[in-house]
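Structure first, then comments.
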Amino acid sequence: MNKNSSNIMALAPNTSNKRETVCIFGTGDFGRALGHKLIQSGYPVVFGSRSTQTSSLIPKEAEVLSHAEAAQKAAIIIIAIQRQHYNFLIPLAEILRGKVLVDISNNLKINQYPESNAEYLAQLVPGAKVVKAFNTVSAWALQSGTLDASRQVFVCGDDMEAKQMVMDIVRALGLTPLDQGSLLAAQEIENYPLQLFPMWKFPILLSLGLIAFFFFYCLIRDVIYPYVYENKDYSFFIAISITNRICPILALILLALVYLPGVLAAIIQLYRGTKYRRFPDWLDKWMLCRKQLGLVALAFASLHVLYTLVIPIRSFVRWRISSQTVSQALNNKTEPLDTTNAWLSDSYLALGILGFFLFVLLGITSLPSVSNNVNWREFRFVQSKLGYLTLVLCTAHTMVYGGKWFLSPSSYRWYLPNAYMLSLIIPCTVLVIKFVLIFPCLDKPLTRIRQGWERNPQYSE
Amino acid sequence: MNKNSSNIMALAPNTSNKRETVCIFGTGDFGRALGHKLIQSGYPVVFGSRSTQTSSLIPKEAEVLSHAEAAQKAAIIIIAIQRQHYNFLIPLAEILRGKVLVDISNNLKINQYPESNAEYLAQLVPGAKVVKAFNTVSAWALQSGTLDASRQVFVCGDDMEAKQMVMDIVRALGLTPLDQGSLLAAQEIENYPLQLFPMWKFPILLSLGLIAFFFFYCLIRDVIYPYVYENKDYSFFIAISITNRICPILALILLALVYLPGVLAAIIQLYRGTKYRRFPDWLDKWMLCRKQLGLVALAFASLHVLYTLVIPIRSFVRWRISSQTVSQALNNKTEPLDTTNAWLSDSYLALGILGFFLFVLLGITSLPSVSNNVNWREFRFVQSKLGYLTLVLCTAHTMVYGGKWFLSPSSYRWYLPNAYMLSLIIPCTVLVIKFVLIFPCLDKPLTRIRQGWERNPQYSE
Amino acid sequence: MNKNSSNIMALAPNTSNKRETVCIFGTGDFGRALGHKLIQSGYPVVFGSRSTQTSSLIPKEAEVLSHAEAAQKAAIIIIAIQRQHYNFLIPLAEILRGKVLVDISNNLKINQYPESNAEYLAQLVPGAKVVKAFNTVSAWALQSGTLDASRQVFVCGDDMEAKQMVMDIVRALGLTPLDQGSLLAAQEIENYPLQLFPMWKFPILLSLGLIAFFFFYCLIRDVIYPYVYENKDYSFFIAISITNRICPILALILLALVYLPGVLAAIIQLYRGTKYRRFPDWLDKWMLCRKQLGLVALAFASLHVLYTLVIPIRSFVRWRISSQTVSQALNNKTEPLDTTNAWLSDSYLALGILGFFLFVLLGITSLPSVSNNVNWREFRFVQSKLGYLTLVLCTAHTMVYGGKWFLSPSSYRWYLPNAYMLSLIIPCTVLVIKFVLIFPCLDKPLTRIRQGWERNPQYSE
């Protein structure tokens, strides 16, 4: 039903004359758009306006009356007016008694006012039943009918029956009402359309910082160093080689940062001997954006895979391999197969593939529709067990990548170690702490603390 | 809960004797299947039939009575009979007064009758409470219990209480009821199971047409031309080389066609000076299938990626590289590294990877469960900003692919330019128009028009 | 709204004093966690406990009273006590009359008791309205506020109003209530959190068995055989070469096993001449886990793709190609292009790509949010038509892989055929049977049987 079939219905007006009249206060853009749509869906619409002159913009099927007259014609009144003008409703309080007032307003900033617009409206007109709805839908979307985005309309209100009436209208317009409970939820509903990926800000800023750092680090080692000492122009490394160094490094570091707050929390709980004290704020916030950190890490891992797989198509790589082969042929020598090398190369690739595969699995289970079909035990199994396995595989992949030269001093340039070594610091730390925490002498008290046991109960006050 | 656990419950009959009796009119396949399932879920079932002889096909736990007798035994009557036989209910009108009639019928064609079957039923038996339900579930699925497909049952009706009773039965059978509002929604619900990807028809037909055109175009240039002039058999190019030319071309053209209607709409609105007039029909339809166009484009892009990544494994490519290297060795010369070439090759690959990566992101955000979790502002940010960035990257990728030979006359064969050049026409047009529309002298009036301003208000009548 | 914004609200206590008092029986871990969360959301909380001494663990905003006193203060009582202690409620029956009792208990094993805990509670306190809820949420998740996992709370109960009250509390805590119908659903709800991917057990065990078999099979052929006869150390084949043999074999076999039960069912129905008899149990179970089988097959196919695409990066492959080229150069000969080989190699790759592409499409449509947006006809089209096409393409891919050596005796080692040949047995069987079933002489009676026709109606008793 989410297809656009509902539009077809909406375009067939007057299919029914059973619909109750809806009143709209305000003839602004959203009020008119909603009026149009309601008329298309078979609702008689009456506008309440200061000037009762019919504007050419108002759908001509609708009546335009004074606020008081319009309100008397309908049981449901949609308040398509900005919050600062709500005052004009106070004199109408008597007429609005028992009516359903639908607050559709939005603010310009998150938490702009101490109370939500809908609660403010309920205070101004205490006799009316206020319902919050429609604020997440744009006038443009209503008008054009191209609701590619979410069709969800959050509805909340204290009066069950009033809420039900509004939800029926929402459905009739081809949208999906979502009952969010009492009017207390209005603040949250009003903040919702103002957000722009709030949980993603920290992971993305962190990534940008890390990208900048590692980009210059690799630029120095891989482009500037050979230019200075060997006078070779490797500037084209920027396009693929350096990017393909940065991506896996970021993927690994961010993945480790997903699991770091967990082990930090365990240490804090062990140290405090209780779970009944709040974590520091930064740790709380960090824990809340772990999913986003993980998904950003997955994005970098995917880029790394793509960048790696195109290696054999690169004209530079083809040139290098071909000139090596030609020089071998000219020198008349054939190299024997180095089995150790074959083992290292193959297991490094295999570890990477398995790590990436599990990583993608983790990503899929974090899709809302998948994680909703999974119970708590299954979710923990996937995100914790499989997650740590992914971290272990990816860390091992990076270590084996270095191969025989891992930690060898000859790979230092200007005292700078190879960039991938830096990326191993955090994952190794996390894995070592986690390994220590698995020991029964630490795991047992931790489990008991998480089940509610306290070392020094008096601390919990 | 969407797992098959509900089947386990359903297989445990008689767990309760609290269930109210359900009457089923009609002993056809669906009636019997529903009867079986209801009995399994603990409902006493009585069938209403013309012949009250118990057929061996009817579950033996069920009673079979005449229509009038059966109707008196239950508050809910499921009408498992085809619409053309609904007339027989007219004489029963008195007995059916106040009963809940569940219309489960489907039609053979979309919009077969002027009014939906459920509304027709409500007209025939005005005293009954008609609820539409179960029409999206197949008898086979009910019987076999293997409900891999959607478990959603759309329910609509004018009587809230009746609807609630039916939704409880739906839940008891292990299905998910979805309240679609009043009986007006019945037409849409009845059309739903008859659809076969209606929104996908245009994108898929368009793709097939473009595939045919570009296949023959490439066949002439890449297989027939060398056969005629050089007498070489490159027919095996059909399997991978030519497919890998068609896929990126289609991906780019279809992606550009996603954004073309948007810029056309902007031009129309600017020209008309109002947003309150409908777009031409073809533009409306085009805008409604943009998501599907984009997903088909993504499919072709994914195929292009796979086809590109297998290039180094192809035996032809291995042969070509190896013979080039051998001839270099035999001629005793080593080619130096061409840095310009390395830059072009690497940046072409990098642009492609980044474009594809963003394209996949766009695809993921169009998954229903993801786009439902995103507000309007976020959706616009992703689909518009990131979408245009994808188009820019993919267009640039195609341009750099040509490299030094881009637009060079030497690459023409039989006066036919290379196929990828044709694919650049639409994307470049879209990007140029979009670029022009961003200028403040056009962007400002457009924004005002979209906020409801009109140049010549009298036009809007 | 699924973002963590709801936590922000939850952290703002006392935003309202309208909330009704909630009573919690039991001061265990979950009771306290729920109490904390309720207080944060603005509910006055009173604990009912045997010892009315205020423990430091109990939130200090809450009152602690005897059970009888606490129960009188609230209309809703949450029973945070284990089932075996429910007996103490019997003497309180008079006080609990008309109250809403929320059963939040879980068991240790699936179907531990004959009736669900909630139904047992309803029997013990017949005057109360029992609602099952909250059992799928963990105390830890409630406390930490990091509800990354499912926010769904399954709610069931016989009293509509009581259920509504509990669902409002669920919403106020930032969770999503899901009405599961009457108290009969309690057993299922109680079993839900105890499951660990029940439908995945068979596919995963089967895969492990097949992996073990094919691993040793390939080890013998590819590592031990050359070691014995040619004294070559190919042990590094384990990392990639052998894995990349096992993955496609498992993908193909498991994909064929998805379609095998369907053709077996058709044969059984044709033989019996009716669809009204149950399939054997093993077939029923097999049919229920087809989706999981298919997804495991897709996982192996994806691994196969990754393992194949890294082939040109492997140091062993680079060494082999380079030494072949060098020896060609040293022998001063250039091999001509083998067109047949090029055709075989390219079409084998193309078939694989198309098969994998369709396979991924099948996987995407099995995502819950996608399959819910698809009607029965569309689902059947995708899963049956596209599914068989995938099987045909993958089988053809495997056959062409063998190329000229397919079924040739020279590729036997120790009388063992190449492993991929074994993998073709089941898919070919399925395709041959399916092909036979498509013939009208079998298809027509089968269709009639599936529409309810019976050859020997007396069998159906």
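Residue numbers (the UniProt record's numbering), protein chains in the order written: chain A, 1 to 461; chain B, 1 to 461; chain C, 1 to 461.
Where is the CB? At the ideal position from N, CA and C, for every residue including glycine.
This one's a predicted model, so the numbers in the text were calculated from it and none came from an experiment.
Taking Cβ positions only, does residue i come closer than 7 Å to chain C?
i, result
"E61 of chain A", "no"
"P193 of chain B", "yes"
"Q269 of chain A", "no"
"N117 of chain A", "no"
"Q72 of chain A", "no"
"R377 of chain B", "no"
"T146 of chain B", "Since pLDDT at T146 of chain B reaches only 48, below the 50 mark, its modelled position is unreliable, and the value read off the structure follows with that caveat. Cβ-Cβ to chain C under 7 Å: yes for T146 of chain B."
"F134 of chain A", "no"
Provide the residue span of the beta strand (DSSP E) that contains residue i, from first to last.
i, result
"K404 of chain C", "Run containing K404 of chain C: none; DSSP gives neither H nor E here."
"G157 of chain A", "Q152 to G157"
"P101 of chain C", "Correcting the residue identity first, residue 101 of chain C is Leu in this sequence and not Pro. Counting along the chain, the beta strand (DSSP E) containing L101 of chain C begins and ends at V100 to D103."
"K37 of chain C", "Careful: K37 of chain C lies outside any beta strand (DSSP E), inside the alpha helix (DSSP H) at D29 to Q40."
"K132 of chain C", "K129 to K132"
"F25 of chain A", "V22 to F25"
"P440 of chain B", "From DSSP, P440 of chain B is part of no beta strand (DSSP E) but of the alpha helix (DSSP H) over P440 to R450."
"P177 of chain A", "T176 to D179"
Can you say whether residue i is buried or exposed, counting buried as having 16 or more other CB atoms within 10 angstroms of its CB?
i, result
"E230 of chain A", "exposed"
"N14 of chain C", "Bear in mind that the predicted position of N14 of chain C carries a pLDDT of just 33, short of 50, making it unreliable; the figure below should be weighed with that in mind. It is exposed - the Cβ of N14 of chain C has fewer than 16 other Cβ atoms within 10 Å."
"C156 of chain C", "buried"
"V228 of chain B", "exposed"
"G98 of chain A", "exposed"
"Q180 of chain B", "buried"
"T39 of chain C", "The question names Thr, yet the displayed sequence has Ile at residue 39 of chain C. It is buried - the Cβ of I39 of chain C has at least 16 other Cβ atoms within 10 Å."
"I425 of chain C", "exposed"
For residue i, tell me which candidate among the options has the shortest Cα-Cα distance.
i, options, result
"N106 of chain A", "A:V100, A:R97 and A:E119", "A:E119"
"F154 of chain B", "B:I249, B:R314 and B:L183", "B:L183"
"G28 of chain C", "C:Q40, C:S49, C:T21 and C:R19", "C:S49"
"I79 of chain C", "C:V22, C:S51 and C:F357", "C:V22"
"R171 of chain C", "A:H397, A:A186 and A:R171", "A:A186"
"K163 of chain C", "C:N191, C:V137 and C:A75", "C:A75"
"L283 of chain B", "B:I268, B:Y276 and B:Q292", "B:I268"
"residue 465 of chain C", "C:V263, C:N191, C:A133 and C:I189", "The shown model of chain C, from 1 to 461, leaves out residue 465 of chain C, and the question about it has no answer."
"T339 of chain C", "B:G174, B:S235 and B:L173", "B:S235"
Would you say residue i lies against chain B (beta-carbon separation less than 7 Å)?
i, result
"F316 of chain A", "yes"
"T447 of chain C", "no"
"D346 of chain C", "yes"
"S371 of chain A", "no"
"D168 of chain A", "yes"
For a quick check, are the C-beta atoms of residue i and residue j less than 7 Å apart?
i, j, result
"S423 of chain B", "I313 of chain B", "no"
"R32 of chain A", "L65 of chain A", "no"
"A139 of chain B", "L101 of chain B", "no"
"V326 of chain A", "A329 of chain B", "yes"
"R221 of chain B", "L416 of chain B", "yes"
"L121 of chain A", "D103 of chain A", "yes"
Could you spell out the range, first to last residue, of the alpha helix (DSSP H) harbouring residue i?
i, result
"C289 of chain A", "It is not in any alpha helix (DSSP H) - C289 of chain A carries neither H nor E in the DSSP assignment."
"V370 of chain C", "P368 to S371"
Is residue i close to chain A, meaning its C-beta is less than 7 Å from at least one C-beta of that chain?
i, result
"W200 of chain C", "no"
"V326 of chain C", "yes"
"C441 of chain C", "no"
Is there a Cβ of chain D sitting closer than 7 Å to that of residue i, yes or no?
i, result
"V310 of chain A", "Of the protein chains in this structure, namely A, B and C, none is chain D."
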